[in-house]
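Same order as they appear, the protein sequences are chains F, W, B and R.
Its first residue numbered 16, the first sequence is counted upward by one per residue in the numbering used here.
Its first residue numbered 16, the second sequence is counted upward by one per residue in the numbering used here.
Its first residue numbered 16, the third sequence is counted upward by one per residue in the numbering used here.
Its first residue numbered 16, the fourth sequence is counted upward by one per residue in the numbering used here.
Backbone N, C-alpha and C fix where the C-beta goes; we use that ideal spot for every residue, glycine too.
Note that the coordinates shown come from a computational prediction; the quantities given were computed from them, not determined experimentally.
There are 4 protein chains.
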Amino acid sequence: MVNRVDFSIIRIARTVLHVVDLQVSREFYVDGLGMIETESDENHIYLRGLEEHSHHSLLLKKADNAVVEVLSYKVEKEEDLDEIEKLFTSLGLQTKWMAKGQQHAIGRTLRAHDISGIPLEFFAEMTTVDRMLQRYDHYRGAKIQRIDHVNCSVPNVQKAYDFYVDYLGFSCSEYTDTEDGDLWAAWLYRKPTVHDQAFMNGPGPNLHHFAYSLTDRLSVLDCCDILASMGYAESIERGPGRHGLSNAFFLYLRDPDGHRIELYTGDYLTSDPDLKPKRWDLNDPLRQTFWGHEAPDRWFNETSTFIDIETNEEIGICNPILEQRKPEILA
Amino acid sequence: MVNRVDFSIIRIARTVLHVVDLQVSREFYVDGLGMIETESDENHIYLRGLEEHSHHSLLLKKADNAVVEVLSYKVEKEEDLDEIEKLFTSLGLQTKWMAKGQQHAIGRTLRAHDISGIPLEFFAEMTTVDRMLQRYDHYRGAKIQRIDHVNCSVPNVQKAYDFYVDYLGFSCSEYTDTEDGDLWAAWLYRKPTVHDQAFMNGPGPNLHHFAYSLTDRLSVLDCCDILASMGYAESIERGPGRHGLSNAFFLYLRDPDGHRIELYTGDYLTSDPDLKPKRWDLNDPLRQTFWGHEAPDRWFNETSTFIDIETNEEIGICNPILEQRKPEILA
Amino acid sequence: MVNRVDFSIIRIARTVLHVVDLQVSREFYVDGLGMIETESDENHIYLRGLEEHSHHSLLLKKADNAVVEVLSYKVEKEEDLDEIEKLFTSLGLQTKWMAKGQQHAIGRTLRAHDISGIPLEFFAEMTTVDRMLQRYDHYRGAKIQRIDHVNCSVPNVQKAYDFYVDYLGFSCSEYTDTEDGDLWAAWLYRKPTVHDQAFMNGPGPNLHHFAYSLTDRLSVLDCCDILASMGYAESIERGPGRHGLSNAFFLYLRDPDGHRIELYTGDYLTSDPDLKPKRWDLNDPLRQTFWGHEAPDRWFNETSTFIDIETNEEIGICNPILEQRKPEILA
Amino acid sequence: MVNRVDFSIIRIARTVLHVVDLQVSREFYVDGLGMIETESDENHIYLRGLEEHSHHSLLLKKADNAVVEVLSYKVEKEEDLDEIEKLFTSLGLQTKWMAKGQQHAIGRTLRAHDISGIPLEFFAEMTTVDRMLQRYDHYRGAKIQRIDHVNCSVPNVQKAYDFYVDYLGFSCSEYTDTEDGDLWAAWLYRKPTVHDQAFMNGPGPNLHHFAYSLTDRLSVLDCCDILASMGYAESIERGPGRHGLSNAFFLYLRDPDGHRIELYTGDYLTSDPDLKPKRWDLNDPLRQTFWGHEAPDRWFNETSTFIDIETNEEIGICNPILEQRKPEILA
């Protein structure tokens, strides 16, 4: 077993989504949520949050089907990519190189499927741009600040946990287990927040949601009002509310293609090495929504589909190894 | 028909509730919601909001059953009480006088059942106390500011509307009607806000909820967090959310006896005489929760029972004249 | 003495300002403060707040000098205008009629100089427009809701107070007097808030500021950030802070012509007839900024000049009858 | 020159202040600011923020003079302490060991004077306690979350910068230099926020202020209201306002002994290794208060005095090497 990583993953860096109508997506993400459009052409929109100095953290590609192409991680330096390739190859996991320039605004990239089949990519370099943090005259909608995390449904959370903690160097901030001691869900981080990557027990691999960090709770409420005024009330799926897990104040939205985005604010720093992972019992009512609200069925049942890094075919789904129970899967 | 009132009702002034355990109620209303306890004895707690200079706006009486004794209106002057008695008597409605001193901290009082059977009381005088508005060191919980309105379920909204507008001098800010032009719900005011009194089509007369005005939306969110920390997550029934009707940001809570209280902030001034009542179509999705959330069944089905001003017996309930439809009764 | 008014003034309704560059003013008021531009032509911009159903509450007129043309009050009905004319004429005060249509979007108007020489106007009718309250997608800047009050510097506050209370039917919510019992400043209202009109001891008559009501404190802070981003940091004159008087959270800005506007939120309802005026001692430190900050000199010394209703000449200024003391005139 | 550190400093961990009256300090820090009192005895109060799982981040010791005993840094592991001792000794800097148990709730500690003479201490271990993050029923005052940074006035900022960056492994997020390229002020971090330690050109070494992180801007405003209600308006020294540097929303308070504490919220993550230090020109007006307010003289001129780690004598002060200019030293 490899449990000493020879590379450094910095943080979740971007999500690449396929969407069917770029103009509709622009209205939702730029006018509704307040993301900054760094650049676009007829087939792509590159979006970032107000705090971000990286070129983009969300890439929307025009396509026939609304799927998820890849989840991207930024690493510290170029050589880390080679080390990561060695690791994935040694474990028999599929990889693929993309040369610098092959993807706009980012350097040499390693794509790979992780232990659950999730399509990941790693790169050390992304074009930097001006931070818009103090351009308050450009603040709109939810005033999205920066990418926070992604959350995937996988059939075997323990297996995913072991891969990310033992091989990729992630730490665990909080987790849920069943009365039998089985790991039900886990919140894992590289950057010093509650998570970059969460896993929940469910059919998968699927993307449950990707999340952006906001400055405060009122930005979440403002976003609800604005989306409703724009005719997007149906996009508001769950919340606003307070998570027990992570303590964050949250709102779940469905974008025009059905991809789920979480607006998220108010977790805590995890930079202290003596911080112990916080255990939650699957049956603790505070674990789910701290205020006791139930999530709607569609939050529970619907996810986005990943595609293969080589074939672009939709990835096959496996059933979870732990029996699904609605109240327990809430995050 | 009398359509010229010879008296002036100022505003909704208090709610008198029967509760089974004063100490439990105190924890909820004082520690959780942040009301100020003006005074109490072993059978009563007198509560007010931070802005209120009147002795109390909520009177809790220890009793065996959790019912609503009366809804109270403040009038401009003593003689108004006599005029109101004349009106009620002329319409064959039951009345009852209570001498000054018979109820703690308030003057001579007229009790009466309104046209729907709701037990009301009218008085011109209540002991005044210091406003706590600038005692920020006493702010707690939801930082409740002042009583805002009461909302009753009645079988015939049109009849209630006519009585309050034509006989009692109320104005209408907003209302809902059906596709057939039947009045489904109405928001009526004396003080220059959206309402003192709302009526909704339903079995009745019943008290659906009473409501307090807060300074801002974060006070609502803070209250959810605080109640959940105190073990009262189950008290959070509906919201937080934004109303289409009234535009207010809201939260519905159930107190330890099941009485429903709304925390309410962000409606608008109605002091302009040329303000036209705003009509909402029963099928307009924005009318209900502006963000598109559904209300839970218990919000729809459960109300508090009124008692008779003479016998203290529970008041009999009639079915509504318009067919009930869940999505439409949301407020 | 007349102390029974035969007319009803509803509220402060608009301010008419002369400005030298309409495009610069638009940038400040629309982009910076978030006012809605109802209409404009090459010489006028008509602005309103998000809650307002009246055509405008701020009229900017292109002119060579930045002065104040008139402060406008809305009355209940047409006949009130004739009663008000009788009153002003009986007191020897100058008046002038403007026919309906002579001013865009408002009805027949009576202009007059009040007892201190302030140019006022009264009208019953203004074109109504859609309230933008629920068009959250149009919210910008400070999200200005509605006109709140005007504040004038006058040489004799007692004389102004007597005129507004005894002849025009205003009530007093709060006031300041000196150790000798002289009235230093007064907050007077018709609509049920702390004030429509305030008077402070000083050279005058001058307009010290006009004020708009916001929904919450964060809108004030957001406005500071936005103005600073736009290059308007120098417009931020005083605050944000909390007033002792009125309890409002405030910010004073200077518009591109030097007119002072206050953003104001968090006072209280004054609709209860048994509310007693609150006295503040001139030497009470809480009276001024509740947090103890001093106002800058320019807030103290600079005001806007009124012009004559007939000649459009600048109105002559008298020195105050009470000796000016900087700390005491803060509002 | 050593520029490869063989130890890892985690973050600023605590401030140890001498105060003359513990009960007065408790009222200020616990009732006013909302800190949690972990423990106390007749000569000590141990305080922490709501998010902190460490025993305390502020230690108040009863003493005759209000001075600063030490600024504390947490390191990753015990052996780091020995490496740090080697470094300090090799540079001829004074050190002192304190055995585990010698100070309540913390492990073996190395005390030392840094290159500017500031008394520091390093430890790897502090007793852990329950995080109060989700005990919203205990939230009070400013709802202080966690220690953020300390800011010292030193005579030679370049020398301090070199020591912290080259020897202690800090990174620079933002800095100010003069037109001649001299380093005027620097913001240095170990934990991934804008700073743990800032230096400003001035007489020193002195502690200018220590700072706590809050969740949002309203907590800052609430704190002003609460302190003013409690009679502490004079403690409010500067702000609330927005910093250009760091982007944080801030408030400076003076505690009952005159120590300066900053309430701070809204900076940004610095975990990306490709983040470049942001340069500010000493003459950029946005650099100081983003809204253009000037700091009062006492913010500029008054600081807290450090004492010697061996003798407890007050440390001698040197004049700054760069000429002091009031507007430029604002932070």
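For residue i, count the other beta carbons within 10 Å of its own beta carbon; 16 or more makes it buried, fewer makes it exposed. Which is it?
i: W:T104; result: exposed
i: B:L198; result: buried
i: F:I336; result: exposed
i: R:Q38; result: exposed
i: W:E325; result: exposed
i: B:E84; result: buried
i: B:V34; result: buried
i: R:A310; result: buried
i: B:H274; result: buried
i: F:N327; result: exposed
i: W:P207; result: buried
i: W:H70; result: buried
i: F:A114; result: exposed
Just verifying my parser: in three-state terms, what is the DSSP assignment at residue i?
i: F:K206; result: coil
i: B:L102; result: helix
i: B:R26; result: strand
i: B:N362; result: As displayed, chain B neither begins before 16 nor continues past 346, which places residue 362 of chain B out of reach and without an answer.
i: F:Y88; result: strand
i: R:L37; result: helix
i: W:F43; result: helix
i: B:K111; result: strand
i: B:Y283; result: coil
i: R:K174; result: helix
i: F:E93; result: helix
i: W:A157; result: coil
Going by the CB atoms, is the gap between residue j and residue i shorter than 8 angstroms?
i: W:L242; j: W:I251; result: yes
i: B:R257; j: B:Y267; result: no
i: B:L65; j: B:T30; result: no
i: W:R146; j: W:P134; result: no
i: R:Y88; j: R:I159; result: no
i: F:S188; j: F:K111; result: no
i: F:G184; j: F:V20; result: yes
i: B:Y283; j: B:N262; result: yes
i: W:F43; j: W:P271; result: yes
i: W:D237; j: R:S244; result: no
i: R:I276; j: R:Y227; result: yes
Which first and last residues belong to the beta strand (DSSP E) in which residue i is found?
i: W:Q212; result: Q212 to N216
i: W:A78; result: From DSSP, W:A78 is part of no beta strand (DSSP E); its letter is neither H nor E.
i: W:C167; result: R161 to V169
i: F:L301; result: That residue, F:L301, is in no beta strand (DSSP E); it is neither H nor E in DSSP.
i: F:L148; result: Counting along the chain, F:L148 falls outside any beta strand (DSSP E), and DSSP gives it neither H nor E.
Residue i: beta carbon under 7 angstroms from a heavy atom of the ligand HEM?
i: F:V45; result: The ligand HEM is absent from the structure shown, which contains no ligand whatsoever.
Just curious, the alpha helix (DSSP H) that residue i is in, first and last residue?
i: W:F315; result: D312 to N316
i: F:R232; result: R232 to S244
Across the stretch 166-178 of chain F and the stretch 205-219 of chain F, are there enough close Cβ pairs to call them in contact, namely three or more that are closer than 8 angstroms? yes
Does the stretch 54-70 of chain B touch the stretch 315-334 of chain W, meaning 3 or more C-beta pairs lie closer than 8 angstroms? no
With three or more C-beta pairs closer than 8 angstroms as the rule, is the stretch 86-97 of chain F touching the stretch 45-57 of chain F? no
Segment contact flag, the stretch 132-140 of chain W with the stretch 229-239 of chain R, C-beta cutoff 8 angstroms, min 3 pairs: no
So does the stretch 155-168 of chain B actually touch the stretch 202-212 of chain B, counting three or more Cβ pairs closer than 8 angstroms? Touching, yes.
Between the stretch 235-262 of chain F and chain C, which residues of the former have a C-beta closer than 7 angstroms to a C-beta of the latter? You won't find chain C in this structure, because its protein chains are F, W, B and R.
Kindly confirm or deny that the stretch 104-118 of chain W and the stretch 294-302 of chain W touch, where touching means at least three C-beta pairs closer than 8 angstroms. no
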